[in-house]
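Asker: Taken in sequence, the protein lines are chains A and B. Take 1 as the starting number for the first sequence in the UniProt record's numbering and just add one per residue. Take 1 as the starting number for the second sequence in the UniProt record's numbering and just add one per residue.
2 protein chains.
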Amino acid sequence: MKENSPKGVKEIARRANVAIATVDRVIHNRTGVSAKTREKVKKVIAELDYQPNLLASRLASGKIITLAVLIPSVTDETDFWDAPLRGIQRAEQEISQYGVKVESYFFSLKDPKSFTAQTTKILKAGVDGIVLSPSFISEAEIFVAKCKEREIPFVFIDSNLPDQPSLSYIGPPLFQSGYLAGRLCTYSLNEGSKVVLLNITKALDSYTYKQIEKGFRAYFSDQKHSLTILRVDIHQTDFKSVANQLQTLFAKNPTTAAVFVTNSRTSLVARYLDGAPFPKKPILVGYDLVKDNRSFLAKGTIDFLICHQPEDQGYRSVMALYQSLVFSTKINKEYYMPIDIVTKENQAYYRN
Amino acid sequence: MKENSPKGVKEIARRANVAIATVDRVIHNRTGVSAKTREKVKKVIAELDYQPNLLASRLASGKIITLAVLIPSVTDETDFWDAPLRGIQRAEQEISQYGVKVESYFFSLKDPKSFTAQTTKILKAGVDGIVLSPSFISEAEIFVAKCKEREIPFVFIDSNLPDQPSLSYIGPPLFQSGYLAGRLCTYSLNEGSKVVLLNITKALDSYTYKQIEKGFRAYFSDQKHSLTILRVDIHQTDFKSVANQLQTLFAKNPTTAAVFVTNSRTSLVARYLDGAPFPKKPILVGYDLVKDNRSFLAKGTIDFLICHQPEDQGYRSVMALYQSLVFSTKINKEYYMPIDIVTKENQAYYRN
DNA sequence: TATGGTTCCGGGTACGTACCCGTAAATTTA
DNA sequence: TAAATTTACGGGTACGTACCCGGAACCATA
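1. Thinking residue 272 of chain B and residue 168 of chain B are a contact (beta carbons under 8 Å), I'd like their distance in whole angstroms, please.
2. Given that a residue counts as buried once 16 or more other Cβ atoms are within 10 Å of its Cβ, and exposed if not, what is residue 141 of chain A?
3. Can you give the Cα-Cα distance for residue 283 of chain B and residue 305 of chain B, rounded to whole angstroms?
4. State buried or exposed for residue 118 of chain B, treating a residue as buried only when at least 16 other CB atoms are found within 10 Å of its CB.
5. Please go through the segment 199-286 of chain A and give each complete beta strand (DSSP E) segment of 3 or more residues, from N-terminal end onward.
6. Here's the rule: buried if 16 or more other CB atoms are within 10 angstroms of the residue's CB, otherwise exposed. What is residue 3 of chain A?
7. Check whether the segment 274-289 of chain A touches the segment 147-167 of chain A, taking contact to mean three or more Cβ pairs, one atom from each stretch, closer than 8 Å.
8. If I measure Cβ to Cβ from residue 103 of chain A and keep anything under 6 Å in the same chain, skipping five residues before and after, which residues do I get?
9. Looking at chain B, is there any beta carbon in it that lies within less than 9 Å of the beta carbon of residue 358 of chain A?
10. Output the boundary residues of the beta strand (DSSP E) element that contains residue 360 of chain B.
11. What number of angstroms, rounded off, separates the C-alpha of residue 302 of chain B from the C-alpha of residue 345 of chain B?
12. Just verifying my parser: in three-state terms, what is the DSSP assignment at residue 151 of chain A?
13. Could I get the ranges of all uninterrupted beta strand (DSSP E) runs contained in the segment 131-187 of chain B, with 3 residues as the minimum, in chain order?
14. Sort B/299, B/300 and B/337 by Cα distance to residue 317 of chain B and report the nearest one.
15. Helix, strand or coil: how does DSSP classify residue 414 of chain B here?
16. Within 8 Å, do at least three Cβ pairs link the segment 235-253 of chain A to the segment 215-224 of chain A?
17. So, using beta-carbon positions, are residue 186 of chain A and residue 258 of chain A closer together than 9 Å?
18. Flag residue 56 of chain A as yes if its beta-carbon sits less than 9 Å from any beta-carbon of chain B, otherwise no.
19. Let me know the alpha helix (DSSP H) ranges lying completely inside the UniProt domain "HTH lacI-type" (10-61) of chain B, each 4 residues or longer, listed in chain order.
20. What's the gap between the Cα of residue 237 of chain A and the Cα of residue 201 of chain A?
21. Give the interface partners of residue 338 of chain B over in chain A, defined as CB-CB distance under 8 Å, in chain order.
22. From residue 348 of chain A to residue 178 of chain A, what distance separates their C-alpha atoms?
23. Please state whether the Cβ-Cβ distance between residue 321 of chain A and residue 155 of chain A is less than 9 Å.
24. Give me the Cβ distance between residue 72 of chain B and residue 109 of chain B, rounded to the nearest whole Å; I'm assuming they're in contact under 8 Å.
25. Helix, strand or coil for residue 8 of chain B, going by three-state DSSP, please let me know.
26. For residue 88 of chain B, which of helix, strand or coil comes out of DSSP?
27. Taking residue 60 of chain B as the reference, which of B/173, B/24 and B/291 has the closest Cα?
28. Quickly, what does DSSP pair residue 69 of chain A with across the bridge? List them, please.
29. Can you tell me whether residue 78 of chain B is buried or exposed, with buried defined as 16 or more other CB within 10 angstroms of its CB?
30. Tell me which same chain residues have a C-beta within less than 7 Å of the C-beta of residue 53 of chain A, skipping the five on either side of it?
31. Just checking my contact of residue 120 of chain A with residue 139 of chain A at CB under 8 Å: how many whole Å lie between their CB atoms?
32. Whole angstroms are fine: how far does the CA of residue 93 of chain A sit from the CA of residue 208 of chain A?
33. Quick one: Cα of residue 266 of chain B to Cα of residue 213 of chain B, how far?
34. Go ahead and label residue 235 of chain A buried or exposed: buried means 16 or more other beta carbons lie within 10 angstroms of its beta carbon, across all protein chains shown.
35. Given this structure, state the Cα-to-Cα distance separating residue 39 of chain A from residue 22 of chain A, to the nearest angstrom.
36. So is residue 20 of chain B buried or exposed if we call it buried at 16+ other beta carbons inside 10 Å?
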């Protein structure tokens, strides 16, 4: 019952009549092999459909692969990035068994300089691969240019810079996500009323918001709805400012039937709606099952949250790099997360 | 910069003044070590917070872990199980690198005997762990009893036998899933109309359908809806029979406003609805983004599909066994999949 | 005390690959 | 054509763990 035939490089060496070291050179395209020998060995490798034993390989090399993760820090304003971080840590734990280390770097969403500072650290640390959220476009572009120069692969998480040579983008399909938001806004909607598209943000990450807005508008033009879309930008993220602006908004537009918040700050609107008297509460649609949104969803103030499995985004980003570096697996340039609809009824089982 | 301190068992052996083999005996609780020595070694292991190098361990042992998967085969009637199978194969591919083999066994949902026949094969093959869908309750109970006897761990996928000593159940939270179905049926619903709960199945897997039905009814009693829930069972799964029964059903109940199909055969109803004249098409809610359902969802005949990430179920089932066997990771007795709402707008990005 | 049987323990090799080092052969240079 | 390089290749050890095998120490019995 025992398979006594030697395996791997040893068998290749035997069949090709060369030393193991030579086989090794061929496998790793190293120099020091004549063209003739190289061909001979390659042929045997192909014949045997040789698959290197990764256990042995990693063990022998002793090398530790280091990955860097660069994402926004969790703040009291939003804990959105807590979820990707959890996924990243889960991935880390899984692959740490196999000689891979993951180092996390955090920057402040309020401060592009903190982003750049961290990129410097990462480059100095000399890592083998990078996961990053390119929240600040021009800063990120500078960084990835340097990565490319150094041949360090990187993947974008949650938001994308489509024209950059990233290994992959792992995040939501923004246009379609906005499109679905349109649909969700129109459940039990009477014709002729107004719909508000609400950006609450300091730094308008143009690409992300633009794509969402395009999708949102596309839904209504596809449906030939006759209602008005009112786009409102609020550049303050504290509750008071938001409440003030909403006050004015609703005073001017009493027939507002739905509000779509383009990011996770949906709870700010919910909080306002809960405190204001409405004959018929507008439908509220937003993003992300963050802590502050949870209770409003449970209460019914928020009707729908669109989510893109942030934890899984973190997990997959790290794993994509790992797969690429260790197994040389081909990675899709775009990996779109599903567009999940989270409601009061299914939120308990949503894996954030 | 080089860490020259010996690692692992060697270092333990040095510190405890014993041979490597003795350390090995202690680690694997083998016999042949005096109580005194054992204690001494254990102390050193604790001090060093020793983590075995899995690469080296798996390499040296050379053992191949074999897992068996027992699921229904894909038929032309439903390709639901294609998705879990894909997930299983993805997992297999990932861990085959590390000396794990996965063997798939298929049975026919129409024939309990085929299930039993495959279980016999599996036991004969002598595997280290099993993933199974316990579609036939009593047959499955007999099988898992044997597994328990032989101390072979097993996990249930997609449907559960709660009282059995499984390592884990990986599948949907059925009650809550039915509950959400209730909610989905009531979008744009006028009071006073009827809702149909429709089971189209030959073998009524009592536990699964009962749980879904309970959840479905619970929603309506929670909402204090005044409408009637009409439960209908159709025991034939071919289109003609189903169409006939639906004909009678709708003739008798013209005010039917929504139909909830409790499994993936939703497309049969959609096909009927498409061909029948309706003043107002009832809302159609069902399960699973299988091939036959896709086009009806895109057309709008099916309004909502509830899905539980079947591919991921397959992936996670295999990985749970792997984690448990290789890393001795603790596995949750229940791992509930999220309850996803799939619509025309987000189906393109749904990872089935 | 000799004999036989346990119990306990250490030496040593193997797993499949990476890579250092030394040397023979081929090539260039003088 | 001999010497100096360069190129090509093989021997051999190491990675950290598993496990075989053989020997010493201990114990019991006659």
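Yeah, the Cβ is synthetic: ideal placement off N, Cα and C, and Gly gets one too.
Answerer: Let's see:
1. Actually they do not touch by this definition, with Cβ atoms about 39 Å apart.
2. exposed
3. 11 Å
4. The residue in question, residue 118 of chain B, is buried, as its Cβ has 16 or more Cβ neighbours within 10 Å.
5. 228-234 and 256-261
6. Residue confidence for residue 3 of chain A is low, a pLDDT of 44 falling below 50, so the modelled location carries little weight; the figure read from the coordinates is stated next. Answer is exposed; the Cβ neighbour count stays below 16.
7. no
8. 68
9. This structure does not reach residue 358 of chain A, given that chain A is present from 1 up to 352, and the question cannot be answered.
10. The requested residue 360 of chain B is not part of the displayed model; chain B covers only 1 to 352.
11. Approximately 12 Å, taken between the alpha carbons.
12. coil
13. Within the segment 131-187 of chain B, the runs of beta strand (DSSP E) that reach at least 3 residues and sit entirely inside it are, in chain order, 154-157 and 168-171.
14. B/337
15. Because chain B here runs from 1 to 352, residue 414 of chain B falls outside it and cannot be looked at.
16. no
17. yes
18. yes
19. 20-27, 35-48 and 54-61
20. Going by the C-alpha atoms only, they are around 6 Å apart.
21. 340, 346, 349, 350 and 351
22. 24 Å
23. yes
24. 5 Å
25. helix
26. helix
27. Cα-wise, what sits closest to residue 60 of chain B is B/24.
28. Beta-bridge pairing by DSSP links residue 69 of chain A to A/104 and A/131.
29. It counts as buried.
30. 8
31. That belief does not hold up - the Cβ atoms of residue 120 of chain A and residue 139 of chain A are roughly 11 Å apart, past 8 Å.
32. 31 Å
33. 16 Å
34. exposed
35. 12 Å
36. With fewer than 16 Cβ atoms within 10 Å of its Cβ, residue 20 of chain B is classed as exposed.
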